[in-house]
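Structure, as structure tokens:
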Amino acid sequence: MLLAEAIDSRSKTVEDVLETLKKGTLLWKVRSFSNWYRRKYVLDDKNGCLRYEPSHKAPCINAENEIVVDDIVDVRKGWKTDIFNKIERAVQKKRTKASGRKAMIDEASCFSVIHGRSKQTLDLVAPNPEVADLWVRGLRHLITVLHGLQQEERFERRVSGSWLKLQFQEADVDKNGSLNFEECIKLLKQLNVKLPKHTVRRLFDSANTNKNMRNGEQVLDSEEFVTFYMNLMSRSEVKELFTRYSKNGQEMSAQELLQFIQKEQHCKDFTIEQCNTLIETFEQSQLKQSGKASLIGFTSILMSKQFEVFNLRHTVVYQDMTYPLSHYYIASSHNTYLTGNQLSGESSVEGYIDALKRGCRCVELDCWDGPEGDPIIYHGYTLTSKILFRDVLVDAIKPYAFYTSEYPVILSLENHCSEQQQEVLAKHLRDILQDMLYTEAVTEDMPFLPSPEALKRKVIVKAKKLSAKPNESESDDEEDADRPGMDVKANASQKKKVVAEGLSSLVNICQAVHFHGFQEAKTNGDAVLYCVAGKCYQMSSFSEAKAQDLIEKSGKEFVQYNARQLSRIYPSGTRTGSSNYKPTPLWNVGCQIVALNYQSSRRPIFLNESKFRQNGGCGYVLKPKYLCGGTDYDPNAVGNRPSTELKLTIISGQHIPKADQNLEGEVVDPYVVVKVVGHPADAQKSKTNPIRNNGNNVLTALIQPESRTGFNPRWDHQMTFALKRPELAMLHFIVKDSSTTGKDAMLGMYALPFGSMQPGYRHIYLLDYMRTLVSPATLFVHVSIS
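Just so we're aligned, residue 1 is where the sequence shown starts under UniProt numbering, counting upward by one.
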């Protein structure tokens, strides 16, 4: 187990802490100020989980009273969650009225474990601060070790044997350290491998070098099983490459590897020293000592991070960050506080923490008058729960704003507060964020916005601002009118609300104004002149429908507007289930703040996060030059622009799982769909044929027997795409299971910007909609760009 390995490799001091946690301590589980449950919590290193006793459930994983350590995303000391924030307020109210432990709870004894995709919290109180420190220190250490492993490194560990040994251990039900032939067949079926029994038998006998017997039958130990499996899954497509570039087909020298990398992978500046390093890193046999790679070593090199399809150089900030803010796409979220639907979902600081950790740079705060003069955040006129504005700043914005990226964070305030509570908003912003808050005043003649580089580690307030001009302070975003349950009269009363001076003073380069058009009329004597409307620091918000209408009717003007000013797009109020619109059409006209519901797990947010993975995942991506002004670009036309040609060969798949990674059921019949998303002129789709398990193609089955299994399919399918606007294009790979009786199930996917694709033979690590690895599933492709 990875957890046991992590414990074994730590220093004595850390081991002492973990030993204490393994023995367990009594803690209070807290669900509210009045609901406490005393439990003995134990770190179960064998099963890799945190659980409380007594537990009569087995196995550990997925039990309600247990948390898998690998699912823990954070451990926080003190009152740093929604439940503890409520307890803090209750304590403050009852401190003078009540006595006893609950009323005098010590924050230093409290800690929280945040876990799972939905970021659930386990809120605990230790008997004293020292015990709390032990748990926080021990759990943080373990998740640092586990999460510090890059996803690709975890993958490499699995394919090199650790993952297979884990499967072996789970299949070894009677724990005798061996599997007979029928047990191996059963395990292969669970792993989605289905090959002729005589083929499996031959490889089984070949792997049984120790000739171990059990009850009169030959058996394989764990090491033999790894050998057996690797031989079973040998990849003919990689062997062909290996044979082509190695003189004898048995071993590959560093010089031969260099020839392959320079010619096939288009890495012209790769050196012999780098090849020696690759062999030293990935070759596991005795050939390493002579500086040579075996077929397995060559396969591991091809599957390394160095040669995945995504350009390694784009995993760091590589773009020029000194252009005006309006020249960048900005990763943005809508109603960030919600973790569920838009009508009755939970509001939580976890929504902000999660979005910021995922690289989001613009978060939304819907601010309303709260009890006792303290503003709250929730989705107004709905049944969503409420959280304090102050708690969001203290627990999310201040500690996590620059957790992932140093580039600026924009707080998009939807202000529904009274003038008095607006002043409280301003006070909280100043007192809590302090030097993080960007407070530089703008000038009337400011030609363009500051750059992300100039705004590093700054928090920008986007809101309405007082103005000497009549009606300009009445510049509510149109989002109010699009809100479920918001009637016209209420909307009218909101527009009459005055902006408080204290809050207005904090608004500078992101002044929210109502959109009146792309041009405004000015008189010069008797002449009427039309010029670009608004200042560079003024910005408007548009519903998805309004934005789409502007694209269709005034596309060129919208591009020019976005070259100079920021625009924010938000989902329709009818998307009560927190679904999302397609972000691509908005990116195509240069809209920067394309706000999406980050709690969604469907295609739009998947493409959004795939787009913002480039440039080091910093949350800012430089727009193409023609979207940054100075050109007469029409987003609705492509003219005679020459095409960029992408030739893509889908060669094979590895470890393709069943739907939802189930162990039972028929072997899948996988096929691959590749979609180009971007400019409408480039919208294209191509797909491979499914690899049928029934072996209808007798000739293929004879020549390539491994192509008959959905687990390790081989397609060798060529696709060609002609791209007019490659700078806007993204490639979306989807692996599906062909079904003759129902809907084709999604087995894994991947997406990346076209500009981040590397040519040559590349592996694609399949993900689910939440961008979690479907480990260790991959596609093997060849990319050619001209």
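Ideal Cβ placement from N, Cα and C applies to all residues, glycine included.
Here the structure is a predicted model, which means the values were calculated and not measured.
Problem set entry | Cα-Cα separation between ILE105 and ILE83, rounded to whole angstroms | 14 Å
For this session: Would you mind sorting GLN342 into buried or exposed? The rule is 16 or more other CB atoms within 10 Å of its CB.
Result: buried
Exercise. Grouping DSSP H, G and I as helix and E and B as strand, with all else coil, what is THR13?
Worked result: helix
Problem set entry | Limits of the alpha helix (DSSP H) - the one that GLY297 falls within | 295 to 302
Problem set entry | As assigned by DSSP and simplified to three states, the class of PRO776 | strand
Exercise. When you compare only the Cα positions, how much space is there between PRO127 and THR574?
Worked result: 48 Å
Problem set entry | Residue of MET303, HIS141, GLU88 and LYS464 minimising C-alpha distance to SER775 | MET303
Exercise. Hey, quick one: how far does the beta strand (DSSP E) through ALA331 stretch, first residue to last?
Worked result: 328 to 333
Problem set entry | Boundaries of the alpha helix (DSSP H) in which GLU419 is found, first to last residue | 419 to 428
Problem set entry | Segment contact, 8 Å Cβ cut-off, at least three pairs: the stretch 591 to 609 with the stretch 632 to 641 | no
For this session: Can you give me the Cβ contacts of HIS597 inside the same chain, cut-off strictly under 6 Å, excluding the 5 residues immediately before and after it?
Result: According to the sequence displayed, residue 597 carries Asn and not His. For ASN597, where only same-chain residues beyond five positions count, the Cβ hits under 6 Å are HIS334, SER578 and ASN580.
For this session: Please determine, among LYS535, LEU752, GLY517 and LYS724, the residue with the shortest C-alpha to C-alpha distance to GLY617.
Result: LEU752
Exercise. Which first and last residues belong to the beta strand (DSSP E) in which ARG39 is found?
Worked result: 36 to 44
Problem set entry | the stretch 107 to 123 touching the stretch 67 to 87, judged by at least three CB pairs closer than 8 Å | yes
For this session: Can you tell me which of ASP716, LYS724 and GLN654 puts its alpha carbon nearest to the alpha carbon of GLN684?
Result: LYS724
For this session: Locate the beta strand (DSSP E) running through MET719, then write down its first and last residues.
Result: 714 to 723
For this session: Under the assumption that LYS22 contacts VAL42 (Cβ atoms under 8 Å), give the Cβ distance between them as a whole number of angstroms.
Result: 7 Å
Exercise. By the 10 Å Cβ neighbour count, where 16 or more other Cβ atoms means buried, how is GLY678 classified, buried or exposed?
Worked result: buried
For this session: Please state whether DSSP places SER236 in a helix, a strand or coil.
Result: helix
For this session: Name, in chain order, the residues that DSSP records as bridge partners for TRP368.
Result: ILE376
Exercise. Considering only the beta carbon of each residue, do LEU449 and SER332 sit closer than 7 Å?
Worked result: no
Problem set entry | Three-state class that DSSP yields for ALA355 in the structure shown | helix
Problem set entry | Which residues DSSP lists as bridging HIS782, in chain order | THR649 and TYR761
For this session: To the nearest angstrom, report how far apart PHE515 and LEU312 are at their CA atoms.
Result: 41 Å
For this session: For the stretch 235 to 243 and the stretch 202 to 222, state whether three or more C-beta atom pairs, one from each stretch, are separated by less than 8 Å.
Result: no
Exercise. Taking Cβ positions, are LEU455 and PRO408 nearer each other than 7 Å?
Worked result: yes
For this session: Give the straight-line distance between the Cα atoms of SER206 and GLU182, rounded to the nearest whole angstrom.
Result: 16 Å
Exercise. Is DSSP giving TYR769 helix, strand or coil here?
Worked result: coil
Exercise. Within 10 angstroms of its Cβ, does PRO642 collect 16 or more other Cβ (buried), or is it exposed?
Worked result: exposed
Exercise. Is the stretch 261 to 276 in contact with the stretch 726 to 734, if contact means three or more CB pairs nearer than 8 Å?
Worked result: no
Exercise. Less than 6 Å between the CB of GLY138 and some heavy atom of the ligand NAP, yes or no?
Worked result: For the structure depicted, the ligand NAP is absent and the ligand set is empty, with no information on it obtainable.
Problem set entry | Where ASN180 sits in the DSSP three-state scheme | strand
For this session: Assuming ALA563 contacts GLY639 (C-beta within less than 8 Å), just tell me the rounded distance between them.
Result: Between GLY639 and ALA563 the Cβ distance is about 19 Å, and since that is not below 8 Å, they are no contact.
For this session: Return the chain-ordered list of same chain residues with a C-beta closer than 6 Å to the C-beta of LEU258, the five sequence neighbours on each side being excluded.
Result: ILE272 and CYS275
Problem set entry | 8 Å Cβ shell around SER786 - same chain, five flanking residues per side excluded | THR644, GLU645 and LYS647
For this session: For LYS292, count neighbouring Cβ atoms within 10 angstroms of its own Cβ and tell me buried if that reaches 16, exposed if not.
Result: buried
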